[in-house]
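Residue numbers (our numbering): 20 to 480.
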């Protein structure tokens with residue numbers, strides 16, 4: 020058997036791992052963009068060197084001045100990005116710390132809830148042991164079982180009679196002459212007809228032996244109705260006695276102080292729900308911060324786009340292309356050295372851009388995974404599947420389902436459907452409402468008192 024708490028811990032582990040991987044990928048992406056910026060700065064510096072070597076002082080000074088002006092604008096924007104990134108990282112770290120504190124607080128609330136639940140279960144068990152030893156309860160339980168058996172037997176007899184009516188009635192209902200006389204109410208006070216019609220109907224009745232067949236068909240119709248009426252009355256009687264038994268159980272539970280225990284448990288559960296609202300708000304806030312930080316790391320924010328536009332514009336000047344072309348055809352060693360380095364820079368930029376593209380795809384997948392895991396955890400908690408009395412069969416492997424979800428083979432809706440299908444114990448919402456159980460019914464009466472340790476009336480305990 021796997022407890023509900025175990026599976027919640029498994030979800031949290033996958034969530035924390037996904038958050039760590041997302042953060043690591045984001046940091047790597049930011050580092051790659053910083054490398055690209057450094058390579059751009061080196062590229063413009065190499066062009067300055069070429070300009071000083073190959074151009075006269077006036078031309079070189081003009082080109083270098085334009086490159087310096089572009090670099091200064093870019094560096095100013097990069098400093099702005101650096102400050103924004105630092106602020107966002109600090110906010111994300113603070114948010115992560117708050118989430119950890121909230122998680123610890125929830126664990127404490129869970130511990131208190133479980134202790135209260137176990138205490139109430141123990142009191143219920145003690146109350147059950149006491150009441151089942153009383154003569155009044157035993158007599159009432161025997162009466163409920165007896166009346167339930169009677170009601171069940173009556174229901175079976177009524178059902179058989181109803182089936183007989185359908186099967187045996189087909190022969191009569193297939194005879195048009197018989198059904199004609201039956202519907203007209205022949206041989207009953209309701210029959211009305213003129214003298215000629217009466218003579219003809221009488222002749223038909225003799226031909227088909229209507230008098231005898233009518234009695235049989237009438238009994239075939241009447242018996243199921245009377246048996247069903249008896250079954251309904253028997254069920255109602257059993258229901259009333261079952262409710263009386265529930266009243267005895269409820270009184271025993273109240274005498275054991277369950278009301279105050281239940282109120283305390285409900286108060287803790289209310290605190291947990293309020294706490295979860297606060298946690299979800301913090302998670303949503305941190306997700307927005309991560310998205311903003313991710314925009315910086317992927318250079319999709321407005322300032323990063325402006326930097327990229329300036330870098331592209333700076334290197335697409337016609338005089339730079341002409342300068343590079345002349346340097347390539349030059350026999351001088353210093354020109355060859357600069358040209359070779361510019362080629363190396365292009366290769367490094369191509370490699371970095373390929374890694375950036377792969378990381379962007381990976382980050383999109385990780386963001387989807389985070390959303391799916393957070394939604395699954397929210398549903399799991401909202402439905403009280405982390406309660407102490409919540410469990411799953413040992414054959415249920417949530418880890419496998421989570422792995423398939425993180426691979427994109429299924430979504431959180433599909434996983435949640437499997438979680439709900441395999442969940443055992445506890446009640447949706449994890450509450451202990453409906454103190455004395457529901458209306459019960461004679462179907463509930465047979466069997467042991469508690470059905471596994473709780474009061475037979477089920478529901479709230």
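Backbone N, C-alpha and C define an ideal beta-carbon position, used for all residues, glycine too.
Is the region 128-144 touching the region 312-319, taking contact as three or more C-beta pairs under 8 Å? no
Go through its chain and collect everything with a Cβ distance to residue 55's Cβ below 7 Å, but skip five positions before and after it. Position 36 of the chain shown, counting from 1, holds the residue named residue 55. Taken in chain order, the residues that qualify are 368 and 371.
Taking the DSSP output, what are the residues bridged to residue 197? In the chain shown, counting from the first residue as 1, residue 197 sits at position 178. None, per the DSSP bridge assignment.
With distance defined between alpha-carbon atoms, name the residue in 120, 90 and 253 nearest to residue 170. Residue 170 sits at position 151 when you count from the first residue of the chain shown. Nearest C-alpha to residue 170: 253.
When you compare each of 172, 261, 214 and 430 to residue 249 by their alpha carbons, which one comes out closest? What you label residue 249 is simply residue 230 of the chain shown in a count that begins at 1. It is 172.
Output the distance between the C-alpha atoms of residue 400 and residue 151, rounded to the nearest integer angstrom. Reading the chain shown from its first residue, position 381 is the one you call residue 400. Reading the chain shown from its first residue, position 132 is the one you call residue 151. Taking the straight line from one Cα to the other gives about 36 Å.
Limits of the alpha helix (DSSP H) - the one that residue 316 falls within: Here residue 316 corresponds to residue number 297 of the chain shown, with the count starting at 1. Per DSSP, residue 316 belongs to the alpha helix (DSSP H) from 277-316.
Spell out whether any CB of chain B is found under 8 Å from the CB atom of residue 424. This model lacks chain B altogether; it includes just one protein chain.
Run the CB neighbour count on residue 296, radius 10 Å, all protein chains shown included, and call it buried at 16 or more, exposed below. Against the chain shown, residue 296 aligns to sequence position 277. Under this definition residue 296 is an exposed residue.
Residue closest to residue 104, alpha-carbon to alpha-carbon, out of 309, 187 and 118: As a position in the chain shown, residue 104 is number 85, starting the count at 1. When each option's Cα is compared against that of residue 104, the closest is 309.
Classification of residue 281 by the beta-carbon crowding that lies within 10 angstroms, buried from 16 upward: Along the chain shown, read from residue 1 onward, the residue named residue 281 stands at position 262. By the 10 Å Cβ count, residue 281 comes out buried.
Answer yes or no: do residue 146 and residue 37 have a C-beta to C-beta separation smaller than 8 Å? Along the chain shown, read from residue 1 onward, the residue named residue 146 stands at position 127. Along the chain shown, read from residue 1 onward, the residue named residue 37 stands at position 18. Against a cut-off of 8 Å, the Cβ pair of residue 37 and residue 146 comes out as no contact.
Ends of the alpha helix (DSSP H) at residue 267? Here residue 267 refers to the residue found at position 248 of the chain shown. Where residue 267 is concerned, the enclosing alpha helix (DSSP H) stretches over 229-274.
If you run the structure through DSSP and keep just helix, strand and coil, what is residue 426? Indexing the chain shown from 1 puts residue 426 at position 407. In the structure shown, residue 426 sits in coil (DSSP, three-state: anything other than H, G, I, E or B).
For the alpha helix (DSSP H) containing residue 442, name the first residue and the last one. Within the chain shown, residue 442 is the residue found at index 423, counting from 1. Unbroken run through residue 442: none, as it is neither H nor E.
Extent of the continuous alpha helix (DSSP H) to which residue 178 belongs: Along the chain shown, one-based indexing puts residue 178 at 159. Looking at the DSSP string, the run of the alpha helix (DSSP H) that includes residue 178 is 154-192.
Own chain, CB closer than 7 Å to residue 96, minus 5 neighbours either side, in chain order: Taking the chain shown and counting its residues from 1, the one referred to as residue 96 is at position 77. Closer than 7 Å at the Cβ level, and outside the excluded window around residue 96, lie 322, 325 and 326.
Three-state secondary structure assigned by DSSP to residue 319: Here residue 319 refers to the residue found at position 300 of the chain shown. Correct three-state label for residue 319: coil.
Going by DSSP in three states, residue 22 sits in which element: helix, strand or coil? Here residue 22 refers to the residue found at position 3 when the chain shown is read from its first residue. Residue 22: strand per DSSP, three-state reduction.
Can you find the residues in the same chain that come closer than 6 Å, C-beta to C-beta, to residue 361, ignoring five residues on each side of it along the sequence? The count along the chain shown starts at 1 and reaches residue 361 at position 342. Here the set comprises 65.
On the three-pair Cβ rule with 8 Å, is the region 26-42 touching the region 380-394? yes
Express the C-alpha separation of residue 408 and residue 273 in angstroms, rounding to a whole number. As a position in the chain shown, residue 273 is number 254, starting the count at 1. As a position in the chain shown, residue 408 is number 389, starting the count at 1. If you take the alpha carbons of residue 273 and residue 408, they lie about 22 Å apart.
Identify the continuous alpha helix (DSSP H) that holds residue 413 and give its terminal residues. Against the chain shown, residue 413 aligns to sequence position 394. Run containing residue 413: none; DSSP gives neither H nor E here.
Determine contact between the region 282-302 and the region 112-123, defined as no fewer than three beta-carbon pairs at a distance below 8 Å. yes
Residue 439: which of 143, 403 and 429 sits nearest, CA to CA? Reading the chain shown from its first residue, position 420 is the one you call residue 439. The shortest C-alpha separation from residue 439 is found at 403.
Mind listing, in chain order, the continuous alpha helix (DSSP H) runs of no fewer than 4 residues lying wholly within the region 93-125? none
Apart from the five residues on each side of it in sequence, which residues of its chain come closer than 7 Å, Cβ to Cβ, to residue 156? Working through the chain shown from its first residue, we reach residue 156 at position 137. Result list for residue 156: 150 and 267, in chain order.
Range of the contiguous alpha helix (DSSP H) that encloses residue 207: Here residue 207 refers to the residue found at position 188 when the chain shown is read from its first residue. Element bounds for residue 207: n/a, residue is neither H nor E.
From 357, 142, 199 and 429, pick the residue whose C-alpha is nearest to that of residue 276; which is it? Residue numbering aside, residue 276 sits at position 257 when the chain shown is read from its first letter. Comparing Cα-Cα distances from residue 276 to each of 357, 142, 199 and 429, the minimum goes to 142.
What separation, rounded to the nearest whole angstrom, lies between the Cα atoms of residue 92 and residue 313? In the chain shown, residue 92 corresponds to position 73, counting from 1. In the chain shown, residue 313 corresponds to position 294, counting from 1. When rounded, the distance between both Cα atoms is 23 Å.
At least 3 beta-carbon pairs within less than 8 Å: the region 238-246 vs the region 180-197: yes
Here's the rule: buried if 16 or more other CB atoms are within 10 angstroms of the residue's CB, otherwise exposed. What is residue 27? Within the chain shown, numbered from 1, the residue matching residue 27 stands at position 8. Under this definition residue 27 is a buried residue.
Reduced DSSP category for residue 49 - H, G, I as helix; E, B as strand; rest coil: Locating residue 49 in the chain shown gives position 30, counting from the first residue. If DSSP states are grouped into helix, strand and coil, residue 49 belongs with the helices.
Check whether the Cβ atoms of residue 223 and residue 196 sit closer than 8 Å, and answer yes or no. Numbered from its first residue, the chain shown carries residue 223 at position 204. Numbered from its first residue, the chain shown carries residue 196 at position 177. Closer than 8 Å, so yes.
Is residue 129 closer than 8 Å to residue 405 when the C-beta atoms are compared? The residue labelled residue 405 in the question sits at position 386 within the chain shown. The residue labelled residue 129 in the question sits at position 110 within the chain shown. Going by C-beta atoms, residue 405 is nearer than 8 Å to residue 129.
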